[in-house]
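Numbering (this note's numbering), first residue to last: 152 to 430.
A virtual CB, placed ideally from N, CA and C, is assigned to each residue, including glycine.
Scroll down for the structure; my scribbles are underneath it.
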Amino acid sequence: MVLPCVGLLLVFAYWPVLRGVVLSLYDTDLLGDPTRFVGGAHYLELFTEPDLRRALYATVAIAALSVTLSVGGALAAVLPLRRAARRPRPAVSLLLTLPFAYSAAAASAVFAGLFAPAVGTLNEVLAQMGITGPEWLRTPVWAVVAVAATTAWYQFGFAFLVLLAAISQLDQSVIEAAALDGASGLRLARSVIVPMLRPSLVFLLVTQTIGGLQIFTQIQVLTKGGPSGATSTLVYELYQRAFGEALPQVGSASALAVFLLLLVVAITAIQFRTVRRWA
């Protein structure tokens, strides 16, 4: 009974990974077929090419910022709804989970208009407050912030949904006992409620980090890797090498894919180990 599932995993998960590892050791022709064995040369490029080092920094920065904004924002939004979480109002829940219904491309298109330098809504609002807004998508630092903010908004709905479900299932007797002991407000949230939400927070941190390390659509729509490569992540570099050049570099792109897989596994393992100590 398990065999069909195992077969699907072998064909659509493990075989592509194995094929990618093999291709990463070769130069390839226009069709992506191996031509010349180069060993670890493509992997050495990952640590010697400035563009790839910059892509690694951009990947980590965007992922860290987007996860912080999405999970932190969802937690800040759900805590005031603690008392109403057991009987949530449909309108409030719908409003806050709406980003989950958007596709990444649609969300990125909306934020492209929001961050537009001359006619963007955000800079118009800032101008009304007497503040001159930056050129969000043309300045390296602000472009990273813009991509991370778009990603965080897109991920916020899922994070909120998970935390709303978790907070509605908390043991109210523990919270009431803490309140009787004098805990309230931020102290109650920090010392009692947030620790009780730890399993859901761990789940969100791991899944959102994995998603943040693999973002592509937001960058393709908003910045196309610019300005000056500031938002060109590992996935975007992989795409450019495999599909964006006249002569595809499938071997180099495969090495980048394998490296990204190892990076995701390593960061996930570090998160689990850190969480185990936190627990």
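CB of residue i within 7 Å of CB of residue j, strictly
i       : j       : result
Phe-367 : Val-345 : no
Thr-419 : Val-357 : yes
Ser-221 : Ala-303 : yes
Leu-265 : Leu-273 : yes
Leu-373 : Ser-254 : no
Val-295 : Gln-369 : no
Val-218 : Thr-360 : yes
Arg-205 : Gly-380 : yes
Val-415 : Leu-364 : yes
Leu-315 : Val-229 : yes
Three-way DSSP call (helix, strand, coil) for residue i in this model
i       : result
Tyr-177 : strand
Phe-262 : helix
Phe-198 : helix
Thr-186 : strand
Ser-319 : helix
Pro-400 : Reading off the sequence, residue 400 comes out as Gln, not Pro. Coil, per DSSP.
Glu-327 : helix
Gly-191 : coil
Gln-391 : helix
Thr-382 : coil
Phe-251 : helix
Val-222 : helix
Counterpart residues of residue i in DSSP-defined beta bridges
i       : result
Pro-291 : Its beta-bridge partners do not exist; DSSP assigns none.
Chain-order list of residues whose beta-carbon lies under 7 Å from that of residue i (same chain, five-residue window excluded)
i       : result
Phe-251 : Gly-308, Phe-309, Leu-312
Leu-207 : Leu-385
Leu-355 : Val-222, Ala-310, Val-313
Ala-317 : Leu-348, Ser-351
Asp-180 : Thr-186
Contacting residues, own chain, Cβ-Cβ under 8 Å from residue i (five flanking each side not counted)
i       : result
Ala-408 : Gly-171, Ser-175, Leu-389
Phe-410 : Tyr-194, Leu-197, Leu-385
Val-342 : First, the amino acid is wrong: residue 342 is Ser here, not Val. Around Ser-342: Ala-329, Ala-334.
Spatial neighbours of residue i in its chain, beta-carbon cut-off 6 Å, leaving aside the 5 residues before and after
i       : result
Leu-203 : Leu-197
Phe-262 : Thr-301
Pro-399 : Ala-393
May I ask you to verify whether the stretch 171 to 181 touches the stretch 316 to 330, counting CB pairs closer than 8 Å and requiring at least 3? No, they do not touch.
Determine contact between the stretch 213 to 229 and the stretch 193 to 200, defined as no fewer than three beta-carbon pairs at a distance below 8 Å. Segments in contact, no.
Are the stretch 401 to 410 and the stretch 285 to 295 in contact at 8 Å, needing three or more beta carbon pairs? Segments in contact, no.
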